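Chemist: The opening position of the sequence shown corresponds to residue 524 in this note's numbering, with each subsequent residue numbered one higher.
Cβ atoms here follow ideal geometry from the backbone N, Cα and C, with glycine treated the same way.
Computed from a predicted structure; not experimentally measured.
Below are the structure tokens for one structure; questions will follow.
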Amino acid sequence: MTLRLSRIDASNILDHPRLVESDTCLYVYEYTSGRNYAFSQTNNLINNLKKRPSTASPAELRYKAGAIADCAKLFADTLNPEWLDIATLVPVPGSKAADHLDFDDRMARVLRGIRPGLDMRELVRQRTSTVAAHEAAPGERISVQALIDDYEIVEALAEPPPRQIGIFDDVLTAGTHFRAMHSVLSQRFPGVPITGLFVARRVFPPEHGQAAQFT
């Protein structure tokens, strides 16, 4: 099967209520909410990618490493090589700060695996640890503004200024983290085009009244 990037547009932007019409967000797969790893290959991939460093067994960490490699190849196969040559690739930080037992730099590891020589910078740092979005109970999910307040630009990595920015994350859900990253980066680098790149977007199972794509 030939993989390709799909764009968030008028047909599906309402599934991601924090996004605005001017956002450019691209994804490959669809991850079905409320279903476990056995539901689809995509759900299995994301489940392995998100395994907690502090509780995963050695075998589970091998699955995680395999998922990271698979996602790196996914982006290598689908992204325009000419864009990769000029873009600054910025991973969305994990929900845990660097001093936390469950600090997880999986997206940075994904980007390092795309190919050598890319401009990958962990330009945005999260100061404090928060509840991961996929583990938060209803009403506990962090807001865009709270993330903006918690994010900071790593100024030591800010030069040379980016010409294009790609914000990378595993799953696009409401769009909260992307919007916060976009706000912080666009304020620091005004006028620089920003694109969101995701392994998958979140969809709901058919009984929720929305179509799911099985991959």
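Give the list of continuous beta strand (DSSP E) stretches no shorter than 3 residues that lie fully inside the region 546-600.
Modeler: Correct list: 548-555.
Chemist: Would you mind stating whether Met643 and Arg635 have Cβ atoms separated by less than 8 Å?
Modeler: Their beta carbons are under 8 Å apart, which means Met643 touches Arg635 by this criterion.
Chemist: Indicate the three-state DSSP secondary structure (helix, strand or coil) for Asp625 in the structure shown.
Modeler: coil
Chemist: Excluding the 5 residues preceding and the 5 following Leu526 in the sequence, name in chain order all residues of the same chain whose CB lies nearer than 8 Å to its CB.
Modeler: Val551, Leu597, Asp600, Thr601
Chemist: Shortest alpha-carbon distance to Asp625 belongs to which of Pro576, Thr718, Met704?
Modeler: Pro576
Chemist: Helix, strand or coil: which one does DSSP assign to Glu675?
Modeler: strand
Chemist: Of all the alpha helix (DSSP H) runs that stay within the bounds of the region 625-654, which reach a length of 4 or more residues?
Modeler: 629-635
Chemist: Indicate whether the contact test is met: 3 or more Cβ pairs, each with one atom in the region 564-579 and one in the region 606-615, closer than 8 Å.
Modeler: no
Chemist: Out of Leu720, Pro729, Val726, which has the shortest C-alpha to C-alpha gap to Asn603?
Modeler: Leu720
Chemist: Mapping the DSSP letters down to three states, classify Ala610 as helix, strand or coil.
Modeler: strand
Chemist: Kindly indicate the opening and closing residues of the beta strand (DSSP E) around Glu726.
Modeler: Per the sequence shown, residue 726 should be read as Val rather than Glu. Run containing Val726: 717-726, per the beta strand (DSSP E) assignment.
Chemist: Cβ-heavy atom distance between Leu526 and the ligand HEM below 7 Å?
Modeler: Summarising the ligand content, the structure contains no ligands, and the ligand HEM is consequently not present.
Chemist: Between which residues of its own chain and Arg711 is the CB-CB distance below 6 Å, once the five residues before and five after are set aside?
Modeler: Ile676
Chemist: Go ahead and label Asp693 buried or exposed: buried means 16 or more other beta carbons lie within 10 angstroms of its beta carbon, across all protein chains shown.
Modeler: buried
Chemist: Alpha carbons only, please: which of Val715, Glu645, Thr696 is nearest the one belonging to Ile684?
Modeler: Correcting the residue identity first, residue 684 is Pro in this sequence and not Ile. Ranked by Cα distance from Pro684, the options Val715, Glu645, Thr696 are led by Val715.
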